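A short worksheet on the structure shown next.
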Amino acid sequence: MESKDETQIKIARFSGDFKIIQEIQYDENHQPLYASGKYYVFVEENKNMDICASDPNKNQVVVTDKDGLLRWRYNGNLEKGKFKSFSPSVIAADSHSNLLVMDTDNDCVHLLDMNGIFITFITHPKIQGIGAMSMDTNDKLWIANYKGGQINVFKYLQ
């Protein structure tokens with residue numbers, strides 16, 4: 030949710046009858062968790078009930094626990110030197126609570142464990158111009174490319 034003046038972003042959890050039961054907006058120091066800007070914040074809940082948010086306005090992933098308390102942040106693992114920038118967008122969680130983060134600047138997916146520890150970059154010639162991403166019940170990663178209109182399915186775990 031973004032405020033009417035577009036200066037604040039918060040994540041809201043709703044009940045079955047669409048009443049707001051929780052709002053997540055600030056860290057323990059009352060600093061905003063998410064940045065307002067021209068991009069949407071993408072949200073995923075993993076099986077631990079962590080709220081995982083990909084914030085392209087701040088170029089980071091923010092994960093809070095089910096109570097809205099900050100667990101960790103991820104800024105693209107730029108220290109590995111493979112890429113100079115990180116532009117997170119769509120995120121997905123698998124059955125192990127790993128987080129998969131689409132990086133639109135680098136045409137790849139960052140695979141993180143449930144504690145935000147970087148595992149690997151998922152790269153492939155068919156991962157270019159990523160438009161959408163999803164996981165199926167067998168932990169296969171589905172990626173739709175807006176360049177060429179292809180849908181590709183990847184088994185990324187052994």
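According to my numbering, the sequence shown holds residues 30 to 187 in order.
Cβ atoms here follow ideal geometry from the backbone N, Cα and C, with glycine treated the same way.
Computed from a prediction, not measured in an experiment: that's the story for all the values here.
Taking the alpha carbon of residue i as the point to measure from, which residue in the options has its own alpha carbon closest?
{"i": "G66", "options": "E57, D84, S114 and Y55", "result": "D84"}
{"i": "H125", "options": "D142, C137, G110 and D132", "result": "D142"}
{"i": "A122", "options": "M131, G178, K109 and G105", "result": "M131"}
{"i": "T93", "options": "C137, E57, F43 and L107", "result": "E57"}
{"i": "F183", "options": "K176, M164 and V72", "result": "M164"}
{"i": "N88", "options": "N174, Q187, N135 and H153", "result": "N135"}
{"i": "S114", "options": "F43, T133 and E73", "result": "T133"}
{"i": "K95", "options": "W101, I80 and N86", "result": "I80"}
{"i": "S116", "options": "G97, G45 and V70", "result": "V70"}
For a quick check, are the C-beta atoms of residue i and residue j less than 9 Å apart?
{"i": "Y103", "j": "G145", "result": "yes"}
{"i": "K155", "j": "N167", "result": "no"}
Could you check the C-alpha separation between residue i and residue j for me, to the nearest Å?
{"i": "F150", "j": "A64", "result": "25 Å"}
{"i": "L128", "j": "K39", "result": "20 Å"}
{"i": "I180", "j": "G158", "result": "11 Å"}
{"i": "E31", "j": "Q37", "result": "Note that E31 scores a pLDDT of 49, beneath 50, so its modelled location is shaky and nothing firm can be said."}
{"i": "S118", "j": "I172", "result": "13 Å"}
{"i": "I53", "j": "N77", "result": "17 Å"}
{"i": "L99", "j": "V91", "result": "8 Å"}
{"i": "A161", "j": "L107", "result": "23 Å"}
{"i": "G110", "j": "Q51", "result": "38 Å"}
{"i": "I49", "j": "Y55", "result": "17 Å"}
{"i": "N86", "j": "Y68", "result": "6 Å"}
Assuming the contact rule is C-beta atoms closer than 8 Å, residue i and residue j should be a hit. Round their C-beta distance to whole Å, please.
{"i": "I120", "j": "E73", "result": "5 Å"}
Looking at the ligand GDP, does it come within less than 8 Å of residue i, judged from the CB to the closest heavy atom?
{"i": "S83", "result": "Questions concerning the ligand GDP fall outside what the structure shown contains, since it holds no ligand whatsoever."}
In the region 69-102, which residue ranges form an unbroken beta strand (DSSP E) of at least 3 residues, counting only runs that do not cross its ends? Whole beta strand (DSSP E) segments, 3+ residues: 71-74, 80-84 and 89-93.
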